[in-house]
Ligand SMILES: *Cc1c(COP(=O)(O)O)cnc(C)c1O
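Residue numbers (UniProt numbering): 1 to 960.
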């Protein structure tokens, strides 16, 4: 036997083998099935030669899970975790361990997708409904959404809503109070610049003296002050302005709600409800408004409807407001939001309940009072008498000395205020922390009990008129699960209702539901990454800076761009940031009049919705019958509009799942007519290592790190949408008002609240690239293409595959056309989607990009056995359709129309179906071995939108 060397043994890259589903033998079988001699042969047949990279990517070779974790641990160790009193919208938290392990670290929660198929998503829909209910109680409003990306973007959305609904139609100015957090102001300022709104900054009480369509106030103010906003709000409203209040969620537990003060919109970050700071995110923002404005609300809303048995069932409501339907007329471009983090916050409220939250908030407030008393004893004066958790201390010329003492004590204070320092208390603050903090101010021998007694004699820092009198969280769900056993089972009971990647393949086209490896997830909850405040000095964030830079360098190599900007929190936000860069570039050349954005009809809804956000005019370019951009139409429109052409937004491979041969020509035509090329990078999983947007000739792209680079979808977020740009656009990417980013123009506005977006999930993509290496990444792309072609081949014998590229190949996804079958049998793509649930599968993407179709993207991570199981299910469903077609089953009494089937159906005494129970629930043998039960029957969308309920229904409605 020949001797295998140690080096050869060491080079066995376990991780690549585990990330990629099909092994060598399976790949060979699949290649034979589709008629290719090798992976190389398949790629040559599929990807146009003109865009193939001439050489392999220059990335480090892949490594083992253990090695990559050890390397990243060392990098993480360069972060210094100081005790943060910075505040400014970010607070340290105790993530309840039962939530940490069973939600944040649990693939049952983090690998699910946005609940577009509500029958298999009732668990996270319930958690989101709880989030909405908690938002309603705390804000005092009528209607809440199920999360936005962060407080800054939520404030910008409030401005946009204000413009839509304000009756002061002529006004073009928006007022921002001077005590709004600086990063919130900056995100709003950026958005206003793009919309052409004037921003007026001033004292809140002066808001009504301006001609404005709306105003943004902060409560408590950024330096901690609380005051009654009732009169200010009423004065603005008297002039037909809309008032939005950015509020601190924990303070609302003790304070009178902005709703009770008359606010039109209340928004803020839910971070301090049990989500780590994570150097800026991800966190969920909450957003609530009046019932009158429900059709203007941005983002997803969960609503209560009923299923075919008439029982309450949850689903996403009023979707016609959203980008995937309304496109450039949508309320916002939000697609990926922050579901996982909203769920964590809602579980935090469920676990602590109203009493527990009151204790937490009161303890925070008491420590603030005690610090205030001690400082005043020592002769310091405070900027405000009324506060919740944040006090601002006048320190005058002692500032430098105190700051250097705090640095020596590993304490961070807020330092950006002239002659003042800010101190923010959070739920993790202890007596020991306060002792150390006060020592920094030269105060020693702190007697807590004496200070506590003194506080009780001082005037209340929350005056009676600002104290909350209304009840919160009275619904049973917030008053039931306070022991860990009860909580654990509640979380599990919801998890069990949902189908996630830990049950079966989720073949959602365009969404790239690939493996989210455990080794990639582990660093996310390391304290070295979790506990950093986003505005901590860079000297404390060297681990983060190292990781972010290295990841950016790798992404530069992968994309063929010159620079990566890490700030956007989703693909859609990346589109917005990229389009801003294009617009600013044109402006810098004196061509700011260019405002036409060409978008092929096949584009994702976020493309036109984002173009609208920078006031670009969308002109749709046709597609031909093969799914390609109609070149004649493109050329004609580009030339006709050359004087005003700003850009094109294309997706590659196209959303039709083909590698267009003409993509370079498209870029050339646009450039020749003065435009820029935005290449939507959502389909990067079909490019990595084979071609790249930069190589193809595009100028800017976003990457969905939550698609191609393994960040899990979290049930509908978080995500990260960094953008890659060519050199000429690099000066125009986002900067940040609090932490200056090297490179982009310093005056560039922010698009997210935090300088590097949701930094704490970047370790996932870092680990993926580090473990795969150049060769592993390229192999992943090739196998993704192989898996898609295998499915197209096998299903193509039973369903028409809508579009194919060269040599009859598809790219990394394929579309099957259900319209002819619907014509013949009446069975719809919806019936097929729901029937797949009975087979234990999530449906593919429905009716995007073409109505009446299903788009299947298997990804490289699915093994052949799983693909075969899915194919078997689809073929079995095809036979079922045939029986309807043949009249063997009638149009409604058939398993497709009645899908999905629940246990209640199967156990029903009155079984009166034309098919038996076995067929309903166990249609193929594999299902019987591992059954997933949808917990509700098909849900009535129309009923839910007509009878909109977005809060938790009474417990009674679930009985009987
Ligand atoms: C997913 C997707 C987007 C939007 O990305 P989000 O991260 O959800 O905002 C844009 N374009 C395409 C083609 C997509 O598939």
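We treat Cβ as the ideally placed atom computed from N, Cα and C, and that holds for glycine.
No experiment lies behind these values; they were computed from the predicted model shown.
State the beta-bridge partners of residue i as determined by DSSP.
| i | result |
| --- | --- |
| residue 945 | Looking at the DSSP assignment, residue 945 forms no beta bridge with any residue, so it has no partner. |
| residue 225 | 387 |
| residue 268 | 286 |
| residue 174 | 199, 214 |
| residue 815 | 855 |
| residue 414 | 422 |
Less than 7 Å separating the Cβ of residue i from some heavy atom of ligand 1?
| i | result |
| --- | --- |
| residue 628 | no |
| residue 578 | no |
| residue 281 | no |
| residue 814 | no |
| residue 710 | no |
| residue 706 | yes |
| residue 336 | yes |
| residue 572 | yes |
| residue 153 | no |
| residue 859 | no |
| residue 964 | No answer is possible for residue 964: it lies beyond the span of the chain, which begins at 1 and ends at 960. |
| residue 359 | no |
| residue 3 | no |
| residue 952 | no |
| residue 647 | no |
| residue 656 | no |
| residue 842 | no |
| residue 511 | yes |
| residue 604 | yes |
| residue 485 | no |
| residue 651 | yes |
Going straight from the alpha carbon of residue i to that of residue j, what length do you get?
| i | j | result |
| --- | --- | --- |
| residue 18 | residue 383 | 58 Å |
| residue 553 | residue 821 | 49 Å |
| residue 901 | residue 585 | 55 Å |
| residue 911 | residue 955 | 28 Å |
| residue 74 | residue 253 | 40 Å |
| residue 182 | residue 753 | 9 Å |
| residue 580 | residue 610 | 10 Å |
| residue 51 | residue 665 | 11 Å |
| residue 637 | residue 294 | 37 Å |
| residue 60 | residue 682 | 24 Å |
| residue 488 | residue 501 | 21 Å |
| residue 262 | residue 228 | 11 Å |
| residue 763 | residue 515 | 15 Å |
| residue 467 | residue 386 | 11 Å |
| residue 106 | residue 368 | 35 Å |
| residue 814 | residue 692 | 21 Å |
| residue 191 | residue 519 | 38 Å |
| residue 906 | residue 836 | 17 Å |
Is the beta carbon of residue i within less than 7 Å of some heavy atom of ligand 2?
| i | result |
| --- | --- |
| residue 682 | Among the ligands modelled here, namely ligand 1, ligand 2 does not occur. |
At which residues does the alpha helix (DSSP H) containing residue i begin and terminate?
| i | result |
| --- | --- |
| residue 375 | 339-377 |
| residue 545 | 542-559 |
| residue 46 | 39-46 |
Which residue comes first and which comes last in the beta strand (DSSP E) that contains residue i?
| i | result |
| --- | --- |
| residue 466 | Residue 466 -> no beta strand (DSSP E), and no H or E assigned at all. |
| residue 315 | 312-317 |
| residue 302 | 301-306 |
Measuring CA to CA, which of the options is closest to residue i?
| i | options | result |
| --- | --- | --- |
| residue 85 | 437, 471, 775, 782 | 437 |
| residue 741 | 117, 144, 538 | 538 |
| residue 173 | 243, 892, 221, 142 | 243 |
| residue 939 | 92, 680, 619, 121 | 121 |
| residue 481 | 348, 151, 748 | 348 |
| residue 93 | 277, 256, 240 | 277 |
| residue 89 | 425, 138, 442, 54 | 425 |
| residue 233 | 223, 258, 226 | 258 |
| residue 725 | 860, 657, 661, 574 | 574 |
| residue 346 | 395, 560, 124 | 124 |
| residue 788 | 645, 651, 510, 49 | 510 |
Give a yes or no on whether 8 Å exceeds the smallest Cβ distance from residue i to chain E.
| i | result |
| --- | --- |
| residue 282 | No chain E is present in this structure, which holds just one protein chain. |
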